[in-house]
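Chains as they are written, first to last, in this note's numbering: chain A, 1 to 648; chain B, 649 to 900. Note that CB positions come from ideal geometry on N, CA and C, so glycine has one too. Note that the structure is predicted; figures quoted are calculated from it, not measured. These notes are about the structure you will find just below.
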Amino acid sequence: MTGRLVTTDVLIIGGGLAGERCAIEAAAAGHEAIILSLVPPRRSHSCAAQGGMQASLANCVKAAGDNPTVHFLDTVRGSDWGADQEVATIFAEEAPIAVRELAHFGVPWSRVRGGKNHYFIKGEEVDIDESLENDGLIGQRDFGGTAKWRACYAAAGTGHAALYAVDSEVVRLGITVRDRTEAVALIHDGSRCTGAVVRDLRNGSHFTVIAKATVIATGGYGRIYGQYTSNATINEGTGAAIALDTGVVPLGNMEAVQFHPTTLSPSGILVTEGCRGDGAYLLDKNGDRFMVELEPEKQELASRDVVSRHMQQRMRDGLGIDSPYGPHLWLDCRHLGEEHMRTKLLEVWDICRDFVGRNPAKDLIPVRPTQHYSMGGVRVNKDGQAYGLAGLFAVGEASCWDMHGFNRLGGNSLSETLVSGRIVGRRVAEYASGHALRADTGLAFAALADAERKAANWLARSGSGPNVYEIRDAMGETMMHKVGIFRNGDELQEAIAELGQLLDDCDNAVLRCKDPGVNPELAFALRLKGMLRLAMTVAKGALARTESRGAHYRSDYPLRNDKEWLSRTLVRWGAGDSEPTLSYEPTGIIDLPPGHRGYGSDERIEMTETLEKHNEDVLQEQTRHGRLASTEDMGSRLRRGAWKSATG
Amino acid sequence: MSDTATARRLRFEIFRYNPEDEDSVPHTDVFELEETPFMTLYIALSQIREKQDPGLQFDFACRSAICGSCAMMVNGRPALACRTLTADLPESIQLYPLPTFKLIGDLSVDTGTWFREMAEKTEAWIHERLPFDPDATEERMSDDVAAAIYEGDRCIECGCCVASCGLANVDDTFLAGAGLNRVARFMMDPRDSRSDAEWFDIVAGDQGVFACIGMMACEDVCPKELPLLEVYAYLRRRTLGARFVAKSDRAV
Ligand SMILES: Cc1cc2nc3c(=O)[nH]c(=O)nc-3n(C[C@H](O)[C@H](O)[C@H](O)COP(=O)(O)OP(=O)(O)OC[C@H]3O[C@@H](n4cnc5c(N)ncnc54)[C@H](O)[C@@H]3O)c2cc1C
Ligand code: FES
Numbered sequence: 001m002t003g004r005l006v007t008t009d010v011l012i013i014g015g016g017l018a019g020e021r022c023a024i025e026a027a028a029a030g031h032e033a034i035i036l037s038l039v040p041p042r043r044s045h046s047c048a049a050q051g052g053m054q055a056s057l058a059n060c061v062k063a064a065g066d067n068p069t070v071h072f073l074d075t076v077r078g079s080d081w082g083a084d085q086e087v088a089t090i091f092a093e094e095a096p097i098a099v100r101e102l103a104h105f106g107v108p109w110s111r112v113r114g115g116k117n118h119y120f121i122k123g124e125e126v127d128i129d130e131s132l133e134n135d136g137l138i139g140q141r142d143f144g145g146t147a148k149w150r151a152c153y154a155a156a157g158t159g160h161a162a163l164y165a166v167d168s169e170v171v172r173l174g175i176t177v178r179d180r181t182e183a184v185a186l187i188h189d190g191s192r193c194t195g196a197v198v199r200d201l202r203n204g205s206h207f208t209v210i211a212k213a214t215v216i217a218t219g220g221y222g223r224i225y226g227q228y229t230s231n232a233t234i235n236e237g238t239g240a241a242i243a244l245d246t247g248v249v250p251l252g253n254m255e256a257v258q259f260h261p262t263t264l265s266p267s268g269i270l271v272t273e274g275c276r277g278d279g280a281y282l283l284d285k286n287g288d289r290f291m292v293e294l295e296p297e298k299q300e301l302a303s304r305d306v307v308s309r310h311m312q313q314r315m316r317d318g319l320g321i322d323s324p325y326g327p328h329l330w331l332d333c334r335h336l337g338e339e340h341m342r343t344k345l346l347e348v349w350d351i352c353r354d355f356v357g358r359n360p361a362k363d364l365i366p367v368r369p370t371q372h373y374s375m376g377g378v379r380v381n382k383d384g385q386a387y388g389l390a391g392l393f394a395v396g397e398a399s400c401w402d403m404h405g406f407n408r409l410g411g412n413s414l415s416e417t418l419v420s421g422r423i424v425g426r427r428v429a430e431y432a433s434g435h436a437l438r439a440d441t442g443l444a445f446a447a448l449a450d451a452e453r454k455a456a457n458w459l460a461r462s463g464s465g466p467n468v469y470e471i472r473d474a475m476g477e478t479m480m481h482k483v484g485i486f487r488n489g490d491e492l493q494e495a496i497a498e499l500g501q502l503l504d505d506c507d508n509a510v511l512r513c514k515d516p517g518v519n520p521e522l523a524f525a526l527r528l529k530g531m532l533r534l535a536m537t538v539a540k541g542a543l544a545r546t547e548s549r550g551a552h553y554r555s556d557y558p559l560r561n562d563k564e565w566l567s568r569t570l571v572r573w574g575a576g577d578s579e580p581t582l583s584y585e586p587t588g589i590i591d592l593p594p595g596h597r598g599y600g601s602d603e604r605i606e607m608t609e610t611l612e613k614h615n616e617d618v619l620q621e622q623t624r625h626g627r628l629a630s631t632e633d634m635g636s637r638l639r640r641g642a643w644k645s646a647t648g
Numbered sequence: 649m650s651d652t653a654t655a656r657r658l659r660f661e662i663f664r665y666n667p668e669d670e671d672s673v674p675h676t677d678v679f680e681l682e683e684t685p686f687m688t689l690y691i692a693l694s695q696i697r698e699k700q701d702p703g704l705q706f707d708f709a710c711r712s713a714i715c716g717s718c719a720m721m722v723n724g725r726p727a728l729a730c731r732t733l734t735a736d737l738p739e740s741i742q743l744y745p746l747p748t749f750k751l752i753g754d755l756s757v758d759t760g761t762w763f764r765e766m767a768e769k770t771e772a773w774i775h776e777r778l779p780f781d782p783d784a785t786e787e788r789m790s791d792d793v794a795a796a797i798y799e800g801d802r803c804i805e806c807g808c809c810v811a812s813c814g815l816a817n818v819d820d821t822f823l824a825g826a827g828l829n830r831v832a833r834f835m836m837d838p839r840d841s842r843s844d845a846e847w848f849d850i851v852a853g854d855q856g857v858f859a860c861i862g863m864m865a866c867e868d869v870c871p872k873e874l875p876l877l878e879v880y881a882y883l884r885r886r887t888l889g890a891r892f893v894a895k896s897d898r899a900v
């Protein structure tokens, strides 16, 4: 059938910053690329990033002395030593290039104003003379968990400006974008991926795309937390879910889920960390600035996991402000003044006005922590090549590349999308150059038939079964309340049982809409099982990890345990299995030895193995767990011992 | 409205048509709903779809007025549904899809194709002078210039201005507010190397700023409050200058 089989060199599933940057690299190398996206690419969730993008440009006084090594240190500490240190090194080194490249694509970065500048730092008003020599260079603002001001920004619309600039490059290069399409399955033979089955969301039909290389760039999956997320409604995790469906590709560290301290109560709409970076406070119901006492050093700007836990504890202690939607705390931006709010934080001004009818220069803003970022995702090597399936790559929030470990620093994600988009895009292009199109149409049509059968089965089921939206809501309640900011064994067990039940319910759920064409209920139903399976991998991983690390906090195991848990969780879901299988690989070669993060608790269970011994087995162990060879040797980009000069 | 005891009962009249369904004809359906505090049209429409009519088509993504997915006609006026509070509307609410754009179904329209074509037509990207040099420090730009470009860059391509434009409704090649604003954004960017004469070709034709009949509904409906009037004035000024240049070019 015409139109039902499309071929290309590179198939990119996802039109956010990561996918588009990757596509640019492949197209610039002369390959034909097709981008799929649920929405027109500029509406991808990257557009919602407000605050900034980390890169050690060191153009401001408060950024002086910053460099990739300091950025590396902050990133590894932020990750609570869960990051792959080589990947963190590559990332920190290339982030400045990515920011400058965006300037070249057209991003109007906020610039340094030489001369006197008025700032708020830890609640104090400060005047700083920025050097005239740096006037007009890209400016930086403060963000949580960093030693220096490092977040480059375009007012409070950084992601929007970045995405528009990158998408204009996609248009310039004439790259095909098929918006309103959804990859629903990967085509593979157990060792190589050769494309995807796609659902056309304009009319409900299916087609296949056969490609030399396939890239998953589908972003985060916060919607497995139901309404308790800052993520867009489209962040439903289908990319990670279809990778899990292969049975051979593992997801990494799914229990590592970030909660953002300040989302609007109750809608979950994000209020950027840039507010606290620019000097906003957190207050409890008594007007106490509790973070000053709890974290004297970094105060409101400790890392997100630490701030979210303090906030949650505050509310548990009855110090939150009661509302019909549960307790919240206050974010106080009043002292920043109207002019600052309407220029440097304009998007925050708009959001407060539009959604809670408040003026942040005069009123307090009701906030509470909700799910924000998925550190886990499709496990890949440093080239972005997925474990277990040659020709499948992943990039951006959908991947576990793994520079974030158990906690991502604010502003590090936008940089990751662009840095990894460049690097992985190059590897994807090399792969596409070195491999012929394997047009196994039998395999493709079997996958297509399978996808069509699934849709038909949903439509055929009748009677009085559970409703898909109720299942989704129940999943969200379970995830937020039992797999949330504070976790413990008993509640995690309950969560697993509840999710198991919801998976059964999903198999019996009945659609009420049988309309031909778009059928929004069917489109959602087709994603639901994948979402529940992702939720299950998060809960299982969280139960098994009997320690606290970064955003994963176990009240019953409150210490970080470097003796037993300096590892990355891998999870696969074998075909026909009723539950996922966990295994563990070493996080990567360790150069910066595990230590105190500089905020949060300083207590931990120390590593007993020597670093030499630990590092000896990394390659072998990761390979045993499915890692495919990278173009350059493992460890080749590490700058061993460089951190010593930065900590000295 | 914070008093739930006196919650209003809202009456929604919604345009319905599913082009993929042979039996479907354009019509409207009525739904009723109890209003809750801070209810937006996103919340209301989701409730209607999840509890009353699972076939109802509409688009939301960010639900925070950032992505531009959810524009529709709300009581006759284009608006972002996700940030429209029902409290600001009367009890009776009429929802129609945006005109000008191709209908996908019910309240859902194809804005993606329109905006991609506009970007291609106006070559809405930086026409650079030199290739990117990864080892070089960034070119300088004053913060004021950056802020001015950012102001033009804030458009979220929701299509409200296009839908409100008398001309765009009859001539689908007209660039309309979003298109003209996009051109101005690149025109004022010192990194873009296009000459005034090149800009003239983009802006001055039938699809450009002089075709605008000046009703200015676009500025009224823009959810980002972009100063479109100023934008058009800027374009006219620059283009007239360019025509002068173009003429004197020809003279030599
Ligand atoms: C509110 C908010 C604010 C943030 N602020 C910041 C910040 O200030 N700084 C920072 O560094 N980070 C920030 N982040 C995080 C950062 O924005 C994201 O991690 C990053 O933009 C993700 O980019 P991406 O390209 O990986 O995914 P996305 O931008 O989410 O793109 C995913 C793409 O995949 C497509 N897609 C998904 N599934 C499918 C499928 N099955 N088939 C086809 N297409 C599919 C979607 O349509 C979309 O195009 C923020 C996140 C949120 C939620
Ligand atoms: S849903 Fe994004 S603007 Fe309304």
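- Judged by DSSP secondary structure, I35(A) falls within the beta strand (DSSP E) whose first and last residues are A33 to S37.
- Residues of the stretch 760 to 783 of chain B whose Cβ lies closer than 7 Å to any Cβ of chain A, in chain order: G760, F763, R764, A767, E768, A772, W773, I774, E776, F780 and P782.
- Among the CB atoms of chain A, one or more fall inside 7 Å of the CB of G703(B).
- Below the 7 Å Cβ cutoff, chain B contributes N666, D669 and G703 as neighbours of D515(A), in chain order.
- Counting only runs that start and end inside the stretch 294 to 368 of chain A, the beta strand (DSSP E) elements of at least 3 residues fall at 329 to 332.
- For E125(A), the pairing in a beta bridge is given by DSSP as F120(A).
- Taking 7 Å as the threshold, the shortest C-beta distance from S168(A) to chain B falls below it.
- DSSP places C860(B) outside both helix and strand once states are collapsed to three, so it counts as coil.
- In this structure, the straight-line span from the alpha carbon of T546(A) to that of C152(A) is close to 37 Å.
- Taken through DSSP and simplified to helix, strand or coil, D792(B) comes out as helix.
- A Cβ of chain A is located within less than 7 Å of the beta carbon of A794(B).
- The Cβ atoms of F72(A) and G410(A) lie no closer than 7 Å to each other.
- With respect to chain A, the C-beta atom of R842(B) has no partner C-beta closer than 7 Å.
- Secondary structure at N817(B): helix, using DSSP grouped into helix, strand and coil.
- Between T218(A) and I13(A), the C-beta gap is smaller than 7 Å, which places the two residues in contact.
- In the structure shown, the three-state DSSP call for G574(A) is coil.
- The set of residues with a C-beta under 6 Å from any non-hydrogen atom of ligand 2 comprises F708(B), A709(B), C710(B), R711(B), A713(B), I714(B), C715(B), G716(B), S717(B), C718(B), L728(B) and C730(B), given in chain order.
- Non-local C-beta neighbours of E680(B) in its own chain, meaning closer than 8 Å and more than five positions away in sequence, comprise R657, L658, R659 and F660, ordered along the chain.
- Contact between A161(A) and P108(A) holds, since their C-beta atoms are separated by about 6 Å, short of 8 Å.
- C-alpha of L828(B) to C-alpha of P838(B): approximately 18 Å in a straight line.
- As computed with DSSP, T581(A) is found in a beta bridge with R572(A).
- Rounded to the nearest angstrom, the gap between the Cα atoms of G517(A) and W458(A) is 14 Å.
- Not a single CB atom of chain B sits nearer than 7 Å to the CB of G287(A).
- One finds R111 and G136 in chain A with Cβ atoms closer than 7 Å to the Cβ of M789(B), taken in chain order.
- Not a single heavy atom of ligand 1 lies less than 6 Å from the C-beta of V793(B).
- Here R111(A) carries a strand assignment [DSSP, helix/strand/coil].
- Per DSSP, T69(A) is one residue of the alpha helix (DSSP H) stretching across P68 to G78.
- Inclusion of S46(A) and L17(A) in the CB contact set at 7 Å is warranted, their separation being smaller than that value.
- A heavy atom of ligand 1 is found nearer than 6 Å to the CB of E182(A).
- For the pair of segments examined, the stretch 817 to 833 of chain B was found to touch the stretch 851 to 869 of chain B: the number of CB pairs separated by less than 8 Å reaches three.
- Remark: the shortest separation between the CB of V271(A) and any heavy atom of ligand 1 does not fall under 6 Å.
- One Cα belongs to Q620(A), the other to G388(A), and the distance between them is close to 15 Å.
- CA-CA distance, V171(A) to E776(B), rounds to 15 Å.
- Scanning its chain for C-beta atoms nearer than 7 Å, with the 5 sequence neighbours on each side dropped, one finds around N59(A) the residues V112, N134, L137, I138, G139 and Q140, in chain order.
- Between the stretch 594 to 603 of chain A and the stretch 287 to 306 of chain A, the count of C-beta pairs closer than 8 Å reaches three or more; the two stretches touch.
- The three-state reading of DSSP puts N457(A) in helix, counting H, G and I together.
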